[in-house]
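Line by line, the protein sequences give chains A and B. Counting from 1, one number per residue, gives the positions in the first sequence under my numbering. Counting from 1001, one number per residue, gives the positions in the second sequence under my numbering. To start, the structure itself, in structure tokens.
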Amino acid sequence: DAKTTQPNSMESNEEEPVHLPCNHSTISGTDYIHWYRQLPSQGPEYVIHGLTSNVNNRMASLAIAEDRKSSTLILHRATLRDAAVYYCIRNFGNEKLTFGTGTRLTIIP
Amino acid sequence: DAGVIQSPRHEVTEMGQEVTLRCKPISGHDYLFWYRQTMMRGLELLIYFNNNVPIDDSGMPEDRFSAKMPNASFSNLKIQPSEPRDSAVYFCASSLNNLNEQFFGPGTRLTVL
């Protein structure tokens, strides 16, 4: 079973960076790390994914540890609209995504 | 593109009735996924299709649940007969290929009384 470990909840101040951790100590060499988020009353939304190298896009950055046993999603400047549940997902090199319980991020104005 | 379209957005029905949920994926996407989300069990993958063919239905809870994809632009999920424990939000998602991001629809909130 796909296992990642995330904190249940985190808080951050508006306009400050947010670092969301994820542990995936049993990851194999071909597993990708995907991040999705779910805003209230909406379907999940893709954020970013990566394999070995750090990745950046318009929404966030993904920092993957050298041993790949953990990763961190970085929101560079949190806004109130970033309040959501963030899911870190291992993908076994196929199309199936197994969602865990995620981290509920609260942004404090 | 309008994104993934689901209908209805809300469905309230009585136990024992048949329920049909519908999904139109993003044009050109080869994969279609059906998920269910509840407070107790979180977000669960029920079934997914590749090029209209069911690939993995291991998440379908029981024989009361069935899903079809008659063509590349439509899929439905049926529950017959429905039970109160089927109450959940059902999401449909599509993706271009097996490693691309999945695009989720707005969901159908099902309430079975």
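Glycine residues also receive a C-beta, built at the ideal position from the N, C-alpha and C atoms.
- Here isoleucine 108 (chain A) has Glu11, Ser12, Asn13, Glu14 as same chain residues with Cβ atoms under 8 angstroms from its own Cβ, once five neighbours each way along the sequence are excluded.
- A distance below 7 angstroms separates the beta carbons of proline 1106 (chain B) and glycine 43 (chain A).
- The three-state secondary structure of arginine 1022 (chain B), taken from DSSP, is strand.
- Excluding five sequence positions before and after proline 40 (chain A), the CB atoms of its chain that fall closer than 8 angstroms to its own CB belong to Ala83, Ala84, given in chain order.
- Shown in chain order are the members of the segment 84-95 of chain A whose Cβ falls below 9 angstroms from a Cβ of chain B: Tyr87, Asn91, Gly93, Asn94, Glu95.
- Its chain contains Cys22, Asn23, His24, Cys88, Ile89, Arg90, Gly100 as the residues whose beta carbon lies nearer than 7 angstroms to that of threonine 4 (chain A), once the 5 sequence neighbours on both sides are disregarded; these appear in chain order.
- Distance between methionine 1069 (chain B) and asparagine 1052 (chain B), taken at the CA atoms: about 5 angstroms.
- Judged by DSSP secondary structure, isoleucine 1055 (chain B) falls within the beta strand (DSSP E) whose first and last residues are 1053-1056.
- Each residue's CA atom was taken as its position, placing threonine 1020 (chain B) and asparagine 54 (chain A) some 43 angstroms apart.
- Following the DSSP letters along the chain, one finds threonine 1013 (chain B) inside the beta strand (DSSP E) bounded by residues 1010-1013.
- Lysine 1024 (chain B) is classed as buried because its beta carbon has at least 16 other beta carbons within 10 Å across all chains shown.
- For glutamate 45 (chain A), the beta-bridge partners assigned by DSSP are A:Arg37.
- The beta carbons of methionine 1015 (chain B) and glutamate 1062 (chain B) sit no closer together than 7 angstroms.
- Taking all protein chains in view, the Cβ of serine 70 (chain A) is crowded by 16 or more other Cβ atoms within 10 Å, so the residue is classified as buried.
- DSSP, reduced to helix, strand and coil, places leucine 1032 (chain B) within a strand of the structure shown.
- By the Cβ neighbour-count rule, valine 1012 (chain B) is exposed, with fewer than 16 other Cβ atoms within 10 Å of its own.
- CA-CA distance, serine 1094 (chain B) to aspartate 1056 (chain B), rounds to 15 angstroms.
- Taking C-alpha positions only, methionine 59 (chain A) is separated from leucine 1110 (chain B) by approximately 32 angstroms.
- Burial of alanine 1067 (chain B) is indicated by the presence of at least 16 other C-beta atoms within 10 angstroms of its C-beta.
- Chain A places no beta carbon closer than 7 angstroms to that of proline 1070 (chain B), leaving this residue out of the contacts.
- Around valine 18 (chain A), the same chain offers Ser12, Leu75, Ala78 as residues with beta carbons nearer than 6 angstroms, after the five sequence neighbours per side are excluded.
- Cβ-Cβ distances below 8 angstroms link arginine 1009 (chain B) to Pro1106, Gly1107, Thr1108, Arg1109 in the same chain, with the five nearest sequence neighbours on each side left out; the list follows chain order.
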